[in-house]
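Structure, as structure tokens:
Numbering (my numbering), first residue to last: 3 to 473.
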């Protein structure tokens, strides 16, 4: 998934810098053990710089300070007492500071984009149950990567009493307890388990972002831990008798062939948008609302409007409070010439979000197109009342006033739109038309020139026509 989906190749970039940071840190730790504090600053600086690059590639790298602490405990053996733990922690403060900053910026960005899910809609206990289930599913998918999906919708009915969640909780708890018990004798096991959990921690959904519960791409870095164990086990088996060595070689060959086949099969699902989302919808026909939405958008771009309309309607049926889908469906209704239906959808948006000034503006435009200019002006007034700095509402209200021959009000609105946004070509063009309508050719020429300069071909054509008429 991190390769087939081009936008997710940031996983590879993040992993590159993440591992380079670990390598630089290992050099630092080796230098410390050999020569004290001398000559270690450069290695630590490299580790820090690579960490910054990893964070810039993908915020999932925030787990690195915890991983470095795990490495200090095992295999480096730098943490043996509470005092050495404190020393190691202080040493990681620059990394921890960058982690805090990156986490805050990521949460702010996701919140601004509407992807951050509130604790009220998904309680903490439900998130922890989903996290436990994801931890076990990631392990299963690494060992037996079949039935992988580009989207795993977030579950609706979450309960500890359900075997779907009780068994993963028991398994995760069991592994954790076993690792704690084994820690004194075999530090490798708790170190690898801690690495696996800590590298997945940012994406386990404790802070829930988006509509998915897990994603295959998230295992790109965490998978190193379990596969390290697999590699060590293979190396141990390979040291046994020739017969065992032959069986091991055959098993490795079988695994390579199987994984190659599964990889080619999975990559094929990413070849085109429609096929990808068809596969997701076949797996989760009642929960994959995002898949219906994205497929609808792809169909709309291909001008398959009826099919796009069906997908948007399905999303609204499954999730009636999904605002963006109403916008998309109203856009399709508009393209199909079903203006009344589009107006109804904007009404639904306003009912769900009474402060949506863009919805009022868009509905006003549709009212104007149906000739209901008074209703259009009412909507533009509401849009402006909610957001007085929204130039499009002034521009469209000006157009409505112009159709009603209220030219002074129209002129005032076009001028206000230009005052708010100096490079708003539509407002210059419409004000130019109004000047022409009221026989003010000089001002019309000035506005058409401005619209033309801002790239509006209609403004250039109006300017040419006006000059030709006065030759």
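Don't be surprised by glycine CBs; every beta carbon is placed ideally from N, CA and C.
Remember, predicted model here, so these are calculated numbers, not experimental data.
task: Can you have a look at residue 242 and say buried or exposed, based on whether 16 or more other CB atoms are within 10 angstroms of its CB?
output: With fewer than 16 Cβ atoms within 10 Å of its Cβ, residue 242 is classed as exposed.
Item to complete: Using three-state DSSP, classify residue 211 as helix, strand or coil.
Response: Strand.
Cβ neighbours of residue 390 in the same chain (closer than 6 Å, five flanking residues each side left out)
Nothing listed; no residue qualifies.
Please confirm whether residue 110 has its beta-carbon closer than 9 Å to some beta-carbon of chain B. Absent from the structure: chain B. Only one protein chain is present.
Is the separation between the beta-carbon of residue 430 and that of residue 467 shorter than 9 Å? Cβ atoms of residue 430 and residue 467: not closer than 9 Å.
Going by other Cβ atoms of all chains shown within 10 Å of its Cβ, with 16 needed for buried, is residue 140 buried or exposed?
It is buried - the Cβ of residue 140 has at least 16 other Cβ atoms within 10 Å.
- Run through the region 128–197 for me and flag every whole alpha helix (DSSP H) of 4 or more residues, listed as ranges in chain order. Here the runs fully enclosed are 165–184.
Which whole-angstrom value is the C-beta distance of residue 331 and residue 319, which I expect to be below 8 Å?
Residue 331 to residue 319, Cβ: 11 Å. No contact.
Rounded separation between residue 476 and residue 135 - CA only: With the chain covering 3 to 473 only, the question about residue 476 has no answer from this structure.
(message) For residue 25 and residue 218, I'd like the C-alpha separation in whole angstroms.
(response) Distance between the alpha carbons of residue 25 and residue 218: 25 Å.
Do residue 393 and residue 426 have their beta-carbon atoms positioned less than 9 Å apart in this structure? Yes, these two residues count as a Cβ contact at 9 Å.
Next item on the list: Tell whether a beta-carbon distance below 9 Å holds between residue 214 and residue 154.
Entry: Yes, these two residues count as a Cβ contact at 9 Å.
Would you identify the three-state DSSP class for residue 338, choosing helix, strand or coil? Secondary structure of residue 338 (DSSP, three-state): coil.
### Query
Which parts of the region 32–86 are runs of the alpha helix (DSSP H), unbroken and 4 residues or longer, counting only runs that do not cross its ends?
Under the rule that a run must span 4 or more residues, the alpha helix (DSSP H) segments found entirely inside the region 32–86 read 43–59 and 66–75.
query = Any idea if residue 258 is buried or exposed, counting beta-carbon neighbours within 10 angstroms, 16 or more meaning buried?
reply = Answer is exposed; the Cβ neighbour count stays below 16.
| message | On the DSSP bridge list, what partners appear for residue 304? | response | Looking at the DSSP assignment, residue 304 forms no beta bridge with any residue, so it has no partner.
If we count the other Cβ atoms within 10 Å of its Cβ and call it buried at 16 or more, is residue 363 buried or exposed?
Burial call: buried.
Separation of residue 366 from residue 381, as counted between CA atoms
Cα to Cα, residue 381 sits roughly 5 Å from residue 366.
Taking the beta carbon of residue 263 as the centre, do at least 16 other beta carbons fall within 10 Å, making it buried, or is it exposed? Exposure of residue 263 is indicated by the presence of fewer than 16 other C-beta atoms within 10 angstroms of its C-beta.
* To do: Report, in whole angstroms, the separation of the C-beta atoms of residue 378 and residue 370, which I expect to be a contact under 8 Å.
  => Their Cβ separation, rounded to whole angstroms, is 4 Å, which keeps residue 378 and residue 370 in contact under 8 Å.
What first and last residue would you give for the alpha helix (DSSP H) that runs through residue 218? Premise fails: residue 218 is in no alpha helix (DSSP H) and is neither H nor E.
Alpha-carbon to alpha-carbon, residue 276 and residue 90: One alpha carbon belongs to residue 90, the other to residue 276, and they sit about 51 Å apart.
Worksheet item: DSSP state of residue 265, grouped into three classes?
Response: Looking at residue 265 - three-state DSSP - the assignment turns out to be helix.
Close Cβ partners of residue 65 (< 7 Å) along its chain, the five nearest in sequence each way excluded:
The beta carbon of residue 65 sits closer than 7 Å to the beta carbons of 200, 201, 203 and 204 from its chain, once the five residues preceding and following it are set aside; these are given in chain order.
If you measure between the beta carbons of residue 151 and residue 326, is that distance less than 9 Å? No.
Check: Can you tell me whether DSSP reads residue 321 as helix, strand or coil?
Finding: Coil at residue 321, not helix or strand.
Look up residue 203 in the DSSP assignment and say whether it is helix, strand or coil. It is helical.
Through-space distance from residue 434 to residue 447, alpha-carbon basis: So the two alpha carbons sit approximately 7 Å from each other.
Give a yes or no on whether the C-beta atoms belonging to residue 354 and residue 329 are separated by under 9 Å.
-> No, these two residues do not count as a Cβ contact at 9 Å.
Buried versus exposed, by CB contacts within 10 Å (16 or more), residue 19: The residue in question, residue 19, is buried, as its Cβ has 16 or more Cβ neighbours within 10 Å.
Would you kindly report the start and end of the unbroken alpha helix (DSSP H) that includes residue 236?
-> Element bounds for residue 236: 226–240.
Query raised in the report: Between the region 75–85 and the region 40–55, do at least 3 Cβ pairs fall closer than 8 Å?
Result: Output reads no: the region 40–55 does not touch the region 75–85.
Note to self: Which residue marks the beginning of the alpha helix (DSSP H) containing residue 471, and which one marks its end?
What the structure shows: Residues 459–471.
Query raised in the report: What is the residue span of the alpha helix (DSSP H) that residue 392 lies within?
Result: Counting along the chain, residue 392 sits inside no alpha helix (DSSP H), nor does DSSP assign it H or E at all.
Next on the checklist: Less than 9 Å between the beta carbons of residue 73 and residue 31, yes or no?
Outcome noted: Less than 9 Å divides the Cβ of residue 73 from the Cβ of residue 31.
Q.
Between 441, 145, 156 and 9, which has its C-alpha nearest residue 123's C-alpha?
A. The candidate whose alpha carbon is nearest that of residue 123 is 156.
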